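Beneath this line is the structure, given in structure tokens, with notes to follow.
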Amino acid sequence: MWIFGALGGLATTLVVGSKAIGKGKASGQGLLTETELCKGLPLIPIKKLVFGGHELRRGSLLQSAREIHEQTGTIPYPLLNALKADLDKTSKEIKAGTAINAGRSIQKLAERVPKKPLSMKSELARLQRDIKSFMQRNRLTRCVCVNLTSTEPQLKLTSTHQSAEALSKAIAGDKRSTLRPSTLYALAAAKLGLPFIHFTPSNAAFIPAVIEEFEAQAVPYMGCDGKTGETLVKSALAPMFKYRNLKVLTWQGYNILGDRDGVILADAENKRAKLESKDGLLSKILGYPLHTHVGIDYVPSLNDLKTAWDFIHFQGFLDYKMSLQFTWQGCDAILAAPIVLDMIRLAELAQRRGESGPMRHLSCFFKRPQGVDDHDLHRQWHLLTEYVKQARS
Ligand SMILES: NC(=O)c1ccc[n+]([C@@H]2O[C@H](COP(=O)([O-])OP(=O)(O)OC[C@H]3O[C@@H](n4cnc5c(N)ncnc54)[C@H](O)[C@@H]3O)[C@@H](O)[C@H]2O)c1
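Just so it is clear: in the sequence shown, position 6 is 5 by numbering that gives the first Met the number 0, and no numbers are missing.
Take a look at the structure:
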């Protein structure tokens, strides 16, 4: 598996968790692929997974895992010692990322980039070479790519993004403002014929030009923006109001979070991309417009422990108004890592089965699922269970 953003909090938790499960040092709690649902599916065993990736910051997986241990304690100390050799080996497979037109907040992280700036065309070729040589070195026949980089500022879409031909002309002409790093990462995966999972809210990866490449190569792909916290709860709760004809008048949500993801989201340019992802689903589930608000604030001391407080004002019989409030306190990486691992295994299976296009059965894992307009978590879950039934038979 190839991770873009390989030293991030989520990426590190994913690698540590996979290695720990593979060695029998952690349970598969949180993984759907380890439950009765997926029994009988020929999924790749977790211990067989090999990791590499692109990253902008210097450092190693062990350093990143140590930081997580100190900040949140989610990675226990004994695991750091037990996995040291594995993490050191995987760190050697981490290569310089690309920061072309990444926006000011992400540019500040860019310590590990090519010494001499490359043209977009050479940068794209370099990214592909890195992944190909990783596969050759590790004798891999398949590789799933996953984007776990920081949330980028939104890309203003123009005619250049509408076709693969127009985009490749812009790349050949080195028109650097026409794309973001996630465009290059998605293109690299598509051109190599590798499945791609886009876990961030960035709108620059699944532009029509890139989708055309995925379709031309007949590879499976899915995104955008993992659904792990407040939005997950929203997509489970909102249908309940519909099932009882209770009219939701207002849904106010406030999120506070720390860590690097929080720093990047404190930049208004980057935050806009996230807000759009989090706010869009309620009117789609309920079928009518309502007053909504989503706030995100950076609170350094929280680290990866995100807190969301939601207030829902709704109307029932005789138009009587009532309210529901919930507080969600989740650790972002602990919630996200298992679903990324589930999706890697399911994407690898999809490619082995000769499937291509958007993996609609993974829609329950995303805030803005490709090719699925239904945001009701229960119906999205049904898509997954139906797929599994069919893949098993
Ligand atoms: N529950 C969750 O954790 C969750 C849910 C939904 C979406 N996401 C998204 O997943 C992403 C990762 O979250 P995180 O908490 O691990 O953040 P993080 O800041 O800890 O990790 C991001 C990593 O990506 C690296 N990076 C940034 N731009 C890069 C580039 N162009 N090339 C290579 N590396 C680059 C950074 O240096 C950092 O190591 C974020 O975009 C976040 O919004 C996370």
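A virtual CB, placed ideally from N, CA and C, is assigned to each residue, including glycine. As the structure is a computational prediction, the values presented were derived from the model and not from experiment.
Item	Value
Going by the CB atoms, is the gap between THR384 and LEU36 shorter than 8 Å?	yes
Please list, in chain order, all residues of the same chain as LEU186 whose beta carbon is under 7 Å from its beta carbon, the five residues on each side excluded.	LEU123, VAL209, GLU212
Taking the straight line between their C-alpha atoms, what separation do you get for ARG271 and ARG57?	28 Å
Give a single yes or no on whether SER26 has its beta carbon closer than 7 Å to a heavy atom of ligand 1.	no
Provide the residue span of the alpha helix (DSSP H) that contains GLN379, from first to last.	376-391
Examine the Cβ distances between the segment 165-173 and the segment 278-286 and report whether three or more of them are shorter than 8 Å.	no
Under DSSP, the alpha helix (DSSP H) around ASP318 begins and ends at which residues?	Element bounds for ASP318: n/a, residue is neither H nor E.
Given a threshold of 16 other Cβ atoms within 10 Å of its Cβ, counted over all protein chains shown, does ARG136 qualify as buried or as exposed?	exposed
How far does the alpha helix (DSSP H) with VAL14 in it extend, from its first residue to its last?	8-21
Could you give the DSSP three-state label for CYS223: helix, strand or coil?	coil
Nearest by alpha-carbon distance to GLY21: which of TRP1, VAL49, ARG359, THR227 is it?	VAL49
Any idea what DSSP makes of CYS363, helix, strand or coil?	helix
Using a Cβ-Cβ cutoff of less than 6 Å, which residues in the same chain neighbour TRP380 once the five nearest sequence positions on both sides are dropped?	CYS363
Nearest to ALA98 by alpha carbon, out of THR182, VAL371, THR159, LEU193?	THR182
Is SER234 near ligand 1, judged by its Cβ being under 7 Å from some heavy atom?	no
Would you identify the three-state DSSP class for PRO207, choosing helix, strand or coil?	helix
Compute the minimum distance between the beta carbon of ALA101 and the heavy atoms of ligand 1, and state whether it is under 7 Å.	yes
Expressed to the nearest angstrom, what Euclidean distance is found between the alpha-carbon atoms of ILE43 and VAL293?	38 Å
Taking 7 Å as the cut-off, is the beta-carbon of LEU301 closer than that to any non-hydrogen atom of ligand 1?	no
Are ARG63 and THR11 touching if we call contact CB-CB under 8 Å?	As written in the sequence, residue 63 is Ser, which differs from the Arg given in the question. Closer than 8 Å, so yes.
Once DSSP output is grouped into helix, strand and coil, what is the label at GLN314?	strand
Enumerate in chain order the residues of its own chain whose CB-to-CB distance from GLN127 is below 7 Å, with the five nearest sequence positions on each side excluded.	ALA187, LYS190, LEU191
Going by the CB atoms, is the gap between THR89 and LEU55 shorter than 8 Å?	no
Which term fits ALA5, buried or exposed, when burial requires 16 or more other beta carbons within 10 angstroms of its beta carbon?	buried
So, with DSSP's three-state summary, where would you put GLY279?	coil
Return the CA-CA distance between SER300 and LEU236, expressed in angstroms with no decimal places.	29 Å
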